[in-house]
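*Asks:* Attaching a single structure in structure tokens format; questions to follow.
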Amino acid sequence: MNTIIKTAKTTLLLCLLGLLAGCFGTDKIVSPTNDSVSNTAPEFRISFKDGVPETFIATINGVELDSSTFTVEDKDAYLQVDIAMLQAGDNEFALTDPSSVEATFHLDQVGPTIHLLGAEGSDPRSVTGFLDDRGGAESITINGTPLPLDEAGNFSGDIAGSNFFDAVATDIYGYSTAESYATLGQSFNPAIAVRINQQGLDDSLPSAILQIVEALDFNAFITNPVSESCSGAVIADACGNFNINDVTLTSGSDVDISALSGDKIRVMIHLSRLDLDTTATTFARCKSFLCGGSGNVFGTINFSGVTTVQNTDIAADFVVSVNNGEVSVQIVDGSLDVDLPANGLQVDIDFGAVEDVPFVGSLLNTVVNGIINGLVGILSSIIVDIADGFLASPISSLLNTLIGSVLPDSIAIPVADTTLNLGFSPEEFNTSDGGFDLVLGNSLTIDAVDPDVLTPLGSRYTAGSAPSPYPSATPAGTNVDLTATVSANLLNQVLTEAYKGGLLNITLDSEDGISIGSIISIPDFPIDLSGVSNLSIAVTGKSAPAVTLASQADAESGLINVSLLDLTVKVNVDLGDGNGVQEILDTTVDIQSPFDIGVTQDNTLTIGIEGTPVVNVRNFKFMLNGLVLSSGDDGVISNLISTLAPELLPQVLDSIGGIPIPAIEGFTLQLADIWNPNADNNAFMALGGNLVSVAAAAVATLPSVSAQAEEKAFSLFATETMAEKRSVTITVDGDNPEEEPLEYRYRVNGGHWTIWKQRSSIKINYLPGGDNIIDVCTRTSMLVEDCTAVPVSVPAA
Numbered sequence: 003m004n005t006i007i008k009t010a011k012t013t014l015l016l017c018l019l020g021l022l023a024g025c026f027g028t029d030k031i032v033s034p035t036n037d038s039v040s041n042t043a044p045e046f047r048i049s050f051k052d053g054v055p056e057t058f059i060a061t062i063n064g065v066e067l068d069s070s071t072f073t074v075e076d077k078d079a080y081l082q083v084d085i086a087m088l089q090a091g092d093n094e095f096a097l098t099d100p101s102s103v104e105a106t107f108h109l110d111q112v113g114p115t116i117h118l119l120g121a122e123g124s125d126p127r128s129v130t131g132f133l134d135d136r137g138g139a140e141s142i143t144i145n146g147t148p149l150p151l152d153e154a155g156n157f158s159g160d161i162a163g164s165n166f167f168d169a170v171a172t173d174i175y176g177y178s179t180a181e182s183y184a185t186l187g188q189s190f191n192p193a194i195a196v197r198i199n200q201q202g203l204d205d206s207l208p209s210a211i212l213q214i215v216e217a218l219d220f221n222a223f224i225t226n227p228v229s230e231s232c233s234g235a236v237i238a239d240a241c242g243n244f245n246i247n248d249v250t251l252t253s254g255s256d257v258d259i260s261a262l263s264g265d266k267i268r269v270m271i272h273l274s275r276l277d278l279d280t281t282a283t284t285f286a287r288c289k290s291f292l293c294g295g296s297g298n299v300f301g302t303i304n305f306s307g308v309t310t311v312q313n314t315d316i317a318a319d320f321v322v323s324v325n326n327g328e329v330s331v332q333i334v335d336g337s338l339d340v341d342l343p344a345n346g347l348q349v350d351i352d353f354g355a356v357e358d359v360p361f362v363g364s365l366l367n368t369v370v371n372g373i374i375n376g377l378v379g380i381l382s383s384i385i386v387d388i389a390d391g392f393l394a395s396p397i398s399s400l401l402n403t404l405i406g407s408v409l410p411d412s413i414a415i416p417v418a419d420t421t422l423n424l425g426f427s428p429e430e431f432n433t434s435d436g437g438f439d440l441v442l443g444n445s446l447t448i449d450a451v452d453p454d455v456l457t458p459l460g461s462r463y464t465a466g467s468a469p470s471p472y473p474s475a476t477p478a479g480t481n482v483d484l485t486a487t488v489s490a491n492l493l494n495q496v497l498t499e500a501y502k503g504g505l506l507n508i509t510l511d512s513e514d515g516i517s518i519g520s521i522i523s524i525p526d527f528p529i530d531l532s533g534v535s536n537l538s539i540a541v542t543g544k545s546a547p548a549v550t551l552a553s554q555a556d557a558e559s560g561l562i563n564v565s566l567l568d569l570t571v572k573v574n575v576d577l578g579d580g581n582g583v584q585e586i587l588d589t590t591v592d593i594q595s596p597f598d599i600g601v602t603q604d605n606t607l608t609i610g611i612e613g614t615p616v617v618n619v620r621n622f623k624f625m626l627n628g629l630v631l632s633s634g635d636d637g638v639i640s641n642l643i644s645t646l647a648p649e650l651l652p653q654v655l656d657s658i659g660g661i662p663i664p665a666i667e668g669f670t671l672q673l674a675d676i677w678n679p680n681a682d683n684n685a686f687m688a689l690g691g692n693l694v695s696v697a698a699a700a701v702a703t704l705p706s707v708s709a710q711a712e713e714k715a716f717s718l719f720a721t722e723t724m725a726e727k728r729s730v731t732i733t734v735d736g737d738n739p740e741e742e743p744l745e746y747r748y749r750v751n752g753g754h755w756t757i758w759k760q761r762s763s764i765k766i767n768y769l770p771g772g773d774n775i776i777d778v779c780t781r782t783s784m785l786v787e788d789c790t791a792v793p794v795s796v797p798a799a
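Counting in this note's numbering, the final residue of the sequence shown is number 799, and the numbers go up one at a time with none missing.
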């Protein structure tokens with residue numbers, strides 16, 4: 003294979019063009035100088051080789067400036083702008099007409115980035131790291147202890163052991179950065195707090211309790227005869243008794259659940275109708291020797307019929323408590339009540355011609371009426387016994403199980419070659435406003451530690467109290483079945499423990515949707531890889547990932563962000579030249595990226611990446627056959643990382659993706675929204691959604707999806723940029739059998755799925771070169787889905 007170093011050709015071409023344009027004199031930007039740094043707005047000055055033209059076009063960050071506002075001084079034109087026109091970080095000042103020249107200026111208005119690399123020991127902790135600041139770092143303290151900085155910003159030193167560490171770094175302009183860290187192994191209370199609202203109780207618990215009621219064998223509770231009555235006479239008593247041969251509960255019963263004050267839950271069971279196959283037996287019991295002796299029974303006659311019991315209500319209160327991490331549910335003494343109204347009982351027995359026999363019929367009516375009159379109380383007593391002995395305990399157990407298993411006691415999350423063990427234990431239970439709150443603490447351990455990973459000082463920590471009360475509706479006011487308030491500190495402890503276990507030892511290849519197209523579509527990539535088919539990306543990291551939450555007011559561009567510092571990315575390919583697989587790129591970057599959180603049908607978190615990350619390129623080198631190339635730039639690296647991000651970042655955040663989300667057994671949580679529930683801190687995020695029955699979803703009607711890539715429209719003389727060629731907008735729609743709106747998700751080339759969202763279109767940037775397949779799926783509110791594939795081709799750069 004003939005591998006071409008593209009930069010050499012490009013350089014020769016630029017030199018030739020430069021000579022043709024006149025390399026010995028050109029317009030230039032005098033101020034700000036390229037890559038200069040300041041904390042104030044600089045003077046923007048252009049020097050024109052032929053004098054200042056009457057009009058010219060200059061821009062700051064792409065925004066055109068009015069050339070008439072520039073002050074002219076000899077061959078220079080200059081302008082002082084308000085600092086509000088600039089953005090923190092890099093700003094581009096460019097002249098685009100009559101010539102083209104640009105300079106990048108860095109506005110430093112933030113403190114240094116703190117890179118904590120390790121902290122060995124327990125007391126003291128031996129800390130190492132460095133500060134990164136374009137203007138220059140000045141100092142760092144941890145828990146008030148200053149650590150010496152060298153000229154490159156590196157620091158090291160001992161600090162006293164503690165559960166929490168507050169680091170403060172300052173730059174030469176006086177801007178500071180403050181970060182806190184929590185020692186690993188701590189439990190956060192709450193780690194997760196669950197709020198189940200009245201509609202959540204209505205949607206989930208009643209059906210489970212109804213299954214217990216409908217499964218009861220009522221016949222097992224009957225002891226015949228259930229009633230007996232006699233009418234006295236001189237020689238013998240005329241008697242009758244009542245037997246229940248079979249009991250059937252018809253369909254249509256229902257259950258109501260309500261949360262009461264005092265941590266109680268009330269269960270109301272309305273039995274639809276009990277059909278009782280009954281036998282009324284009449285007989286005479288002798289009282290004299292004249293009829294065979296006292297106690298002798300004779301003249302027995304059996305009459306069959308049906309008895310129905312309607313409008314029967316059973317009510318009971320259950321109190322819930324949490325002791326030593328265990329949920330306990332007990333029926334409240336004296337709360338069990340059965341209401342069987344007299345008009346709810348109907349006895350239908352045909353006594354035939356016997357009723358017409360003089361005296362006998364009258365006596366029979368007296369006896370039977372005596373039986374029936376006492377039957378309401380007798381049946382009520384039987385139902386009370388059933389409820390007390392055979393409903394109270396199972397319902398207590400059911401409530402205990404359902405509340406106790408809102409989150410599993412423990413879950414094992416695979417990380418690299420080891421396992422992260424995450425446990426939850428109930429800490430509090432409270433009822434309020436028609437629902438209940440269950441507060442859970444956590445435990446966290448890793449089975450094995452990667453020996454190449456330096457011990458972290460701790461996980462990123464954000465101070466702040468949980469919301470009070472816990473949210474019961476979304477910020478838009480939509481009522482939901484369930485909300486979960488999740489500690490950001492729990493997420494960071496999970497990420498840091500996973501980092502210790504080798505989380506950032508990642509390899510991306512074709513199984514992750516990575517292909518050579520991921521590189522050949524990047525403009526100015528210095529090595530021609532046409533025809534190369536074997537590609538892998540190796541990723542390692544020197545510090546744990548950390549997530550931060552935005553305030554709700556600032557959440558439009560993303561509520562939750564991940565920061566990855568000191569991430570090393572290496573690109574390995576087989577060029578087909580007989581030298582085997584070789585490393586062609588080694589770069590270290592810092593990444594900050596928004597990400598989306600969703601919920602799987604197994605009720606665990608899942609991660610989606612759709613936004614473009616901010617990439618700070620720390621260093622890079624391109625290599626070919628062992629030789630380092632003096633080519634490439636930060637833009638190429640940023641483009642590569644942005645291309646890899648949708649597959650790379652979900653793997654980095656995979657341990658968060660294993661965290662279970664509260665739900666009721668037999669139900670899946672359909673996420674409605676995610677938000678910051680606090681106005682005064684960023685320590686918690688809230689998720690709200692509705693419970694969907696797994697059984698109901700299994701028989702739900704499927705939707706159908708349609709998806710089509712939009713045609714791109716350009717003006718006649720417009721040139722399509724490579725960025726435009728690598729982007730696509732897909733219009734989505736679907737046939738929806740449900741009333742609630744459809745949700746959509748997608749993935750590129752078999753890679754990581756995005757999360758479910760309501761969408762009308764999908765915009766994808768940084769597509770790989772070549773033929774791509776975009777899988778697009780839609781689902782209904784019953785969580786049944788349909789998928790289709792959309793082909794999108796992207797040319798090489």
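Every residue gets a Cβ at the ideal spot worked out from N, C-alpha and C, and that includes glycine.
#1: Helix, strand or coil for Gly155, going by three-state DSSP, please let me know.
#2: What is the DSSP secondary structure of Phe107, reduced to helix, strand or coil?
#3: Who are Met625's beta bridge partners in DSSP?
#4: Give me, in chain order, the residues of the same chain whose beta-carbon lies closer than 6 angstroms to that of Ser783; leave out the 5 immediate sequence neighbours on both sides.
#5: Which full runs of the beta strand (DSSP E) of 3+ residues lie inside the stretch 385 to 459, going along the chain?
#6: Tell me Met687's beta-bridge partners as DSSP assigns them.
#7: Going by the DSSP bridge assignment, what does Met270 pair with across the sheet?
#8: Would the beta-carbon of Thr756 fall within 8 angstroms of that of Asp576?
#9: Report all residues from its chain with a CB closer than 7 angstroms to the CB of Pro679; omit the five preceding and five following residues, and keep chain order.
#10: Going by beta-carbon coordinates alone, are Leu442 and Ala700 separated by less than 8 angstroms?
#11: Quick check on this structure: which residue in Gly202, Gly460, Thr283 has the alpha carbon closest to the alpha carbon of Cys232?
#12: Would you please state the rounded distance, in angstroms, between the beta carbons of Leu203 and Ala261? I believe it to be under 8 angstroms.
#13: Can you have a look at Pro471 and say buried or exposed, based on whether 16 or more other CB atoms are within 10 angstroms of its CB?
#14: Contact defined as beta carbons within less than 8 angstroms: I believe Asp329 pairs with Ile405. What is the distance between those atoms, to the nearest angstrom?
#15: Please state whether DSSP places Val573 in a helix, a strand or coil.
#16: Run through DSSP, which three-state label would Ser795 get?
#17: Three or more C-beta pairs under 8 angstroms: does that hold for the stretch 379 to 390 against the stretch 331 to 347?
#18: Alpha carbon to alpha carbon, what distance is there between Asn41 and Ala23?
#19: Is the distance from the Cβ of Ala711 to the Cβ of Val778 below 8 angstroms?
#20: In its own chain, which residues sit with a C-beta less than 6 angstroms from the C-beta of Val54, not counting the 5 before and 5 after it?
#21: Shortest alpha-carbon distance to Ile676 belongs to which of Leu561, Glu104, Phe132?
#22: Can you tell me the Cα-Cα spacing of Ala557 and Phe220, whole angstroms?
#23: Let me know if Phe300 comes out buried or exposed under the rule of 16 or more other beta-carbons within 10 Å of its beta-carbon.
#24: Going by alpha carbons, who is nearest to Ile1 out of Asn621, Thr733, Thr606?
#25: For the stretch 532 to 541 against the stretch 505 to 512, do three or more pairs of beta-carbon atoms, one drawn from each stretch, fall closer than 8 angstroms, so that the two count as touching?
#26: Give me the Cα-Cα distance between Ala10 and Gly772, rounded to the nearest whole angstrom.
#27: I'd like the list of long-range same chain contacts for Ser729, defined as Cβ closer than 6 angstroms, with 5 residues on each side in sequence excluded.
#28: Going by the DSSP bridge assignment, what does Ser182 pair with across the sheet?
#29: With DSSP as the reference, please indicate the residues paired to Thr310 in a beta bridge.
#30: From what residue to what residue does the alpha helix (DSSP H) around Glu649 run?
#31: How many Å lie between Asp735 and Ser706 at the Cα?
#32: Kindly indicate which three-state DSSP category Asp511 falls into: helix, strand or coil?
#33: Could you give the residue range of the alpha helix (DSSP H) that holds Val696?
#34: Is Leu292 buried or exposed, if buried means 16 or more other CB atoms sit within 10 Å of its CB?
#35: Tell me, please, which residues DSSP counts as bridged to Phe305.
#36: Let me check one thing: in DSSP terms, what residues is Gly120 bridge-paired to?
*Replies:* With the structure as the only source:
#1: coil
#2: strand
#3: Val630
#4: Glu740, Glu742
#5: 412 to 417, 420 to 434, 437 to 448
#6: Val488
#7: Asp258, Ala317
#8: no
#9: Pro469, Pro473, Thr487, Phe686, Ala688
#10: no
#11: Thr283
#12: 7 angstroms
#13: exposed
#14: As written in the sequence, residue 329 is Val, which differs from the Asp given in the question. Indeed they touch by this definition, with Cβ atoms about 5 angstroms apart.
#15: strand
#16: strand
#17: yes
#18: Here Ala23 scores only 43 on pLDDT, less than 50, and its place in the model is too uncertain to base an answer on.
#19: no
#20: Val74, Ala79
#21: Leu561
#22: 57 angstroms
#23: exposed
#24: Within the shown structure, residues of the chain are numbered from 3 to 799, placing residue 1 beyond reach of any answer.
#25: yes
#26: Confidence at Ala10 is low in this model, with a pLDDT of 44, below 50, so the placement of that residue is unreliable and no value is reported for it.
#27: Asn767
#28: Asp168, Tyr463
#29: Asp277, Gln348
#30: 636 to 654
#31: 9 angstroms
#32: coil
#33: 696 to 700
#34: exposed
#35: Ala282
#36: Thr130
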